[in-house]
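The listed protein sequences correspond, in order, to chains B and P. No gaps in the numbering here: position 59 of the first sequence is 67 in the working numbering, and each next residue is one more. No gaps in the numbering here: position 188 of the second sequence is 196 in the working numbering, and each next residue is one more. Below is one structure, written out as structure tokens; the observations come after it.
Number of protein chains: 2
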Amino acid sequence: MKSTIREERKKEIISGFYDLSRLEGMENVSIAKIGKHLGMPPSLIMHYFPNKRLLVLGLIAHILHQYQLIYKPIINKFEKDHKVYPDLLVNRLFSREWNLLFDDGVFFSCYAMTFRDETIKKEYKKLHLKLRNTLKSILDNDPVFSRGDTALLAEKIFVVIEGAYYYLSLIEDEKEYNRKLKIFKEQVFQLLQTESQLILQDND
Amino acid sequence: MKSTIREERKKEIISGFYDLSRLEGMENVSIAKIGKHLGMPPSLIMHYFPNKRLLVLGLIAHILHQYQLIYKPIINKFEKDHKVYPDLLVNRLFSREWNLLFDDGVFFSCYAMTFRDETIKKEYKKLHLKLRNTLKSILDNDPVFSRGDTALLAEKIFVVIEGAYYYLSLIEDEKEYNRKLKIFKEQVFQLLQTESQLILQDND
DNA sequence: TCGTTTATTGAATATTCATTCAATATTAAA
DNA sequence: TTTAATATTGAATGAATATTCAATAAACGA
Chain B
9 MKSTIREERK
19 KEIISGFYDL
29 SRLEGMENVS
39 IAKIGKHLGM
49 PPSLIMHYFP
59 NKRLLVLGLI
69 AHILHQYQLI
79 YKPIINKFEK
89 DHKVYPDLLV
99 NRLFSREWNL
109 LFDDGVFFSC
119 YAMTFRDETI
129 KKEYKKLHLK
139 LRNTLKSILD
149 NDPVFSRGDT
159 ALLAEKIFVV
169 IEGAYYYLSL
179 IEDEKEYNRK
189 LKIFKEQVFQ
199 LLQTESQLIL
209 QDND
Chain P
9 MKSTIREERK
19 KEIISGFYDL
29 SRLEGMENVS
39 IAKIGKHLGM
49 PPSLIMHYFP
59 NKRLLVLGLI
69 AHILHQYQLI
79 YKPIINKFEK
89 DHKVYPDLLV
99 NRLFSREWNL
109 LFDDGVFFSC
119 YAMTFRDETI
129 KKEYKKLHLK
139 LRNTLKSILD
149 NDPVFSRGDT
159 ALLAEKIFVV
169 IEGAYYYLSL
179 IEDEKEYNRK
189 LKIFKEQVFQ
199 LLQTESQLIL
209 QDND
């Protein structure tokens, strides 16, 4: 219970930064704007984040944390069952809950920073590694998939998920969106299906 | 031969904008900086691009044009042959020539703008549609693939390519990069293989 | 060659930016 | 209660921002 004020204020500031980024785009958010939005002087923000880069790093940590939360329910579900039902897994992986607690625009703005900031790049990489490992451990819990190369399978699945996440962001028409979504779900389903067939026929 | 000066200057400005974006990141490039870089007053830039948004739109058109060029050799190759060799196609699709004539950081910076600018979003969507159609027409030229759903197959292939393009940008270690690249190539190869097998066995 | 359009310049604008600083208020420790 | 640390304020900084404008130079069509 050291400096609870400090931590709460920092959270509040990051949260305000996120709100505004969502509304106006990250590159258009200034310290002054955050201050006005939260009803505090810019100097107070600078007190907790001595320069803007630190503020941005804080936002990114927040974003990446949120992003991870999307997969929480999947983990809970499948780590109890010790059995992977492909269609269920696919539906969870592509569930669009992420749209509610997460802003794609901010995510990609931060991602773009990856190319000129090593620290940010490392953070993003860490996230992606963690997500793959999570899926791997889910697959490892299944009696069938665990006999195959689960790391490889997780890699193949996530490249489709991320490609889909990227591409679908461009599509606004709901019907078209759902049509494409179905394709990519099927594609991942196919990966799981093929893998389990290969494993089972190896057994004979 | 109307106003050749005008068009040349505009190109020059966009090109300077691109150079600086590559170096310092798009959001850090100002009109003044472009001017200094090209040895011209900011007011001249404003003469050709009356506001910054138009300048950004110009850059994006340039970027998307460049992006398309990556696939030019693939098109040429396969539109002559009237036959798709899966391993050859895969190698071309994943060839990293793009790294030479194209900057990923700028591409994703522009992509991030997609979320708050309808015009930009439409441009990006148009590009992605065009790329898929190109691949579709390549597949349509092949006696085997043309009997299947080429649009669907193109969609599935590109979601892997784009997921890979996104994900591999995070990886700097060459060995790791190549290991992952191999996985994604194999994944696309698999898609082509499976499709042709399905078509051929339907024949019997 | 004259007149008009276009290209180019350089100076000036108000606004916004991140950041600094000294002063005050609040909290926590002694 | 005194002291020290932290939180908060508001004013001020200079640098950078996009954009405007009036003036000059160059190119071009008649």
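Ideal Cβ positions, reconstructed from N, Cα and C, are used throughout, including at glycine. Predicted model only: the values in this text are computed from it and were never measured.
Beta carbon of residue i nearer than 7 Å to that of residue j
i	j	result
LEU67(P)	ILE22(P)	yes
LEU62(P)	LEU135(P)	no
LYS91(P)	ASP157(P)	no
HIS55(P)	LEU28(P)	no
ARG168(B)	VAL196(P)	As written in the sequence, residue 168(B) is Val, which differs from the Arg given in the question. Result no, Cβ atoms of VAL168(B) and VAL196(P) do not sit closer than 7 Å.
PHE25(B)	ILE39(B)	no
ARG155(P)	ILE207(P)	yes
TYR174(B)	TYR174(P)	yes
ILE146(P)	PHE86(P)	yes
PHE153(B)	ALA172(B)	no
GLU35(B)	GLU194(P)	no
Nearest-angstrom Cα separation, counted from residue j out to residue i
i	j	result
ARG140(B)	GLU163(B)	6 Å
GLN76(B)	ASP125(P)	27 Å
LEU222(P)	LEU97(P)	Here chain P has residues from 9 to 212 only, and residue 222(P) is not among them.
ARG30(P)	LYS183(P)	25 Å
MET121(B)	GLY33(P)	8 Å
LEU101(P)	VAL37(P)	32 Å
ARG14(B)	MET48(B)	14 Å
MET9(P)	LYS18(P)	Its pLDDT being 44, under 50, MET9(P) is placed unreliably in this model, and the coordinates cannot settle the point.
THR142(B)	ILE78(P)	35 Å
LEU65(B)	LEU108(B)	23 Å
ASP181(B)	ARG187(B)	10 Å
GLU203(B)	ASP148(P)	29 Å
LYS88(B)	GLN74(P)	49 Å
ASP95(P)	LYS190(P)	12 Å
LYS80(B)	ASN99(P)	37 Å
PHE57(B)	PHE57(P)	37 Å
TYR93(P)	ASN59(B)	54 Å
LEU137(B)	TYR119(B)	15 Å
LYS130(P)	GLN205(P)	36 Å
GLU20(P)	ILE53(P)	10 Å
PHE123(B)	ASP210(P)	47 Å
PHE84(P)	ALA159(P)	Contrary to the premise, residue 84(P) reads as Asn rather than Phe in this sequence. Near 19 Å, if we compare the C-alpha coordinates of ALA159(P) and ASN84(P).
PHE115(B)	TYR185(B)	20 Å
SER117(P)	GLU16(P)	25 Å
Residue i Cβ short of 6 Å to the ligand PLP heavy atom set
i	result
LEU108(P)	Within the structure as shown, the ligand PLP is missing, as the structure has no ligands at all.
Cβ-based burial, residue i [other Cβ within 10 Å; buried from 16]
i	result
THR12(P)	exposed
ALA69(B)	exposed
LEU199(B)	buried
ASP111(P)	buried
GLY113(P)	buried
GLU105(B)	exposed
LYS144(P)	buried
SER51(P)	exposed
GLN201(P)	exposed
GLU170(P)	buried
LEU178(P)	buried
LEU161(B)	buried
SER103(B)	exposed
Determine which residues of the stretch 116-141 of chain B have a Cβ less than 7 Å from any Cβ of chain P, and write them out in chain order. PHE116, SER117, TYR119, ALA120, THR122, PHE123, ARG124, LYS129, TYR132, LYS133, HIS136
Going along the chain, which residues of the stretch 140-174 of chain P sit with their C-beta nearer than 9 Å to a C-beta in chain B? LEU160, GLU163, LYS164, PHE166, VAL167, VAL168, ILE169, GLU170, GLY171, ALA172, TYR173, TYR174
Below 9 Å between beta carbons is the criterion; list the residues of the stretch 185-199 of chain B that meet it against any residue of chain P, in chain order. The residues in question are LYS188, ILE191, PHE192, GLU194, GLN195, GLN198, LEU199.
Between the stretch 21-55 of chain B and chain P, which residues of the former have a C-beta closer than 7 Å to a C-beta of the latter? GLY33, GLU35
Please name the residues in the stretch 83-105 of chain B whose beta-carbon is closer than 8 Å to at least one beta-carbon of chain P, in chain order. Answer set for the stretch 83-105 of chain B: empty.
Mind listing which residues of the stretch 63-79 of chain P have their C-beta closer than 8 Å to chain B's C-betas, in chain order? Per Cβ criterion, the list is empty.
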